[in-house]
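Input: a single structure, listed below in structure tokens.
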Amino acid sequence: MLAISVIAMILILIGALNCGLIGFFNYNFLSMIFGGSATGDYSVVAHIVFAIIGLAGLWGLSFLGRLSDLCGQCSKKKRHR
């Protein structure tokens, strides 16, 4: 289960950081990698939303290092019951 959680967290962070790049710099990194256009036409509101999601992704990077600690605490709680 830990491997699935780590993979999911990595994918979430990639998406959030890509949204941040779109919001702040109008640059779609994933689209560029997979053969699309790196820039697109987005409204101001869309840029704000993308920027907020990107900031959340940066904040979420701190969870990646603590993910195994959090899962370890859950297993310790189950043993004490």
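Under our numbering, the first residue of the sequence shown carries the number 604, and numbering increases by one thereafter.
Where is the CB? At the ideal position from N, CA and C, for every residue including glycine.
Proximity of the region 607 to 625 to the region 650 to 663 meets the contact definition, three or more beta-carbon pairs being nearer than 8 Å. Looking at A654, L605 and G668, the one whose alpha-carbon comes closest to that of N629 is A654.
DSSP places A641 in the coil class of the three-state scheme, outside both helix and strand. In the DSSP assignment, S608 falls within the unbroken alpha helix (DSSP H) covering L605 to F628. Counting along the chain, S634 sits inside the alpha helix (DSSP H) bounded by residues F632 to I636.
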